[in-house]
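Quick note on the numbering used here: the sequence shown kicks off at 15 and runs consecutively. Glycine included, each C-beta is placed from N, C-alpha and C at the ideal position. Predicted, not measured: the structure shown is a model, and the values here were computed from it.
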Amino acid sequence: MHDIRFDVVIPARLQSTRLPEKALAEIGDKPMVIHVAQRSQTSGAQRTIIATDSSRIVECANQYNVEVMLTAKHHECGTDRLAELATQLDWADDQIIVNVQGDEPLINPTLIREVAAHLAANPSCALASAAHPVSSREEIFNPNVVKVVLDARGYALYFSRAPIPWARDAWQDVMGKTGFSVNKATSANSTDNLSQLPVYRHIGIYAYRASFLRRFASLKPSPLEAVEALEQLRALWHGESIAIHLTDKAPIGGVDTAADLERVRALFKQGRTFA
């Protein structure tokens with residue numbers, strides 16, 4: 015694993031629907047995106063690059079001596095931003111690039127390295143990601159928690175915000191004559207052993223081969239991607255294989271809202287900075 019050669023790219027934009035300018039939000043002694051970059055630098059990556067459309071983020075990265083590249087403003091997702099860099103930097107086709115989200119100031123560097131190594135160990139895959147088992151009914155039925163179903167090789171079959179796979183026998187109590195009820199699903203007192211169900215929560219980190227990144231820019235969005243609001247479904251729709259690295263360690267969590275930001279600030283203050 016120590017011989018794996020990979021780069022990290024952190025797509026970061028200034029505007030965010032739920033929490034504007036969160037990339038530059040102060041956590042402890044520095045902006046959030048700098049925490050992400052500095053953790054990524056300890057993962058074993060050869061290069062760590064912030065990719066952004068904001069001159070303010072460029073200035074911030076320069077202040078902390080973090081490599082940064084200015085990209086176009088029209089990109090709809092982080093993968094599109096990485097695809098632009100794949101062309102600009104002329105990476106070799108087999109170069110591995112890990113996409114680390116700019117709102118993950120508590121990202122564990124070990125996970126970054128493990129996902130890169132997992133892609134290297136699966137040469138037939140264009141990309142790799144990660145997941146961990148979940149057994150909480152609240153998480154399983156929470157549409158903000160993305161689930162992934164795997165095949166026998168550990169490759170992703172499908173990602174969804176819905177509770178997949180559906181445990182027909184274990185969850186009969188949540189089905190009534192009028193159909194599915196989320197309230198019943200999350201509060202029902204059935205005797206099923208949820209820890210035995212193969213339910214995995216997807217962790218939003220990706221490793222790509224540069225050849226796929228350049229190809230991704232030309233792939234048409236899939237109907238499934240639009241319905242689920244999950245860009246990784248575009249790769250599956252077009253026949254690409256996604257290798258999933260399974261870990262028992264659930265990430266502490268990223269920053270999507272003001273409440274998340276305060277939670278992360280409190281964790282930094284307590285010194286609890288790793289999962």
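A Cβ-Cβ contact shorter than 8 Å links valine 278 with proline 119.
Distance from the CA of glutamate 153 to the CA of glutamine 210, rounded to the nearest whole angstrom, comes to 15 Å. Inside the stretch 100-157, DSSP marks whole beta strand (DSSP E) runs of 3 or more residues at positions 110-113 and 141-147, from first to last along the chain. In the structure shown, histidine 49 adopts helical secondary structure according to DSSP, grouped into three states.
The three-state secondary structure of serine 30, taken from DSSP, is coil.
Of the candidates Ile219, Ala240, Ser225 and Glu242, the residue whose Cα lies closest to the Cα of glycine 268 is Ile219. Take the alpha-carbon of glutamine 60 and the one of arginine 19: they are about 7 Å apart. Residues of the same chain with a CB within less than 8 Å of the CB of alanine 39, apart from the 5 flanking positions on each side, are Leu33, Pro45, Met46, Val269 and Leu275 in chain order. Counted as a single uninterrupted DSSP element, the stretch harbouring serine 236 is not any beta strand (DSSP E), since DSSP gives it neither H nor E. Around the beta carbon of tryptophan 180, fewer than 16 other beta carbons lie within 10 angstroms, which makes this residue exposed. The C-beta distance from glutamate 254 to alanine 140 rounds to 5 Å, short enough to fall under 8 Å.
Straight-line measurement puts the Cα of asparagine 76 at about 35 Å from the Cα of histidine 146. Between the beta-carbon of valine 112 and that of valine 129 there is about 6 Å, and that keeps the pair under the 8 Å contact cut.
Between the C-alpha atoms of leucine 244 and glutamine 284 there is a straight-line separation of about 34 Å. Where glutamate 81 is concerned, the enclosing beta strand (DSSP E) starts and stops at 81-84. The three-state secondary structure of serine 69, taken from DSSP, is helix.
Put simply, of Gln52, Ser138 and Lys263 the residue whose alpha carbon is nearest the alpha carbon of serine 225 is Ser138. Excluding residues up to 5 positions away in sequence, Val148, Glu153, Arg175 and Arg215 lie with their Cβ nearer than 8 Å to the Cβ of valine 159 in the same chain. The Cβ atoms of alanine 144 and leucine 133 lie no closer than 8 Å to each other.
As the crow flies, the alpha-carbon of serine 68 is around 19 Å from that of leucine 103.
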